[in-house]
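See structure below.
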Amino acid sequence: MPVQVYGVNHVVIEVDDAQKAVEFYADVFNLEMLRGGEGNA
């Protein structure tokens, strides 16, 4: 039985190209980045 997901609270993904990653996850998973930051978290 599939699990129903209602939302995501917090996701951290380390990548070399942040813009490409944002575009990928928006296209593949229909996600929207609500806010971003600079530097190391």
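The sequence shown begins at 0 in numbering that gives the first Met the number 0 and counts up by one.
Ideal Cβ placement from N, Cα and C applies to all residues, glycine included.
Please read all numbers here as calculations on a predicted model, not as lab measurements.
In chain order, what residues of the same chain have a beta carbon less than 6 Å from the beta carbon of residue i, not counting five sequence neighbours either side?
i	result
methionine 32	Val21
Secondary structure at residue i, three-state DSSP: helix, strand or coil?
i	result
valine 4	coil
valine 27	helix
valine 10	coil
Rounding to the nearest angstrom, what Cα-Cα distance links residue i and residue j in this structure?
i	j	result
isoleucine 12	valine 4	19 Å
glycine 35	methionine 0	34 Å
valine 2	valine 14	27 Å
Excluding the 5 residues flanking residue i on each side, which residues of the same chain have their C-beta closer than 8 Å to its C-beta?
i	result
glutamate 46	Absent from the model: residue 46. The displayed extent of the chain is 0 to 40, so no value can be given.
valine 7	Leu30
Tell me which residues share the same chain as residue i and place their Cβ nearer than 7 Å to its Cβ, disregarding the 5 neighbours each side in the sequence.
i	result
tyrosine 24	Leu30
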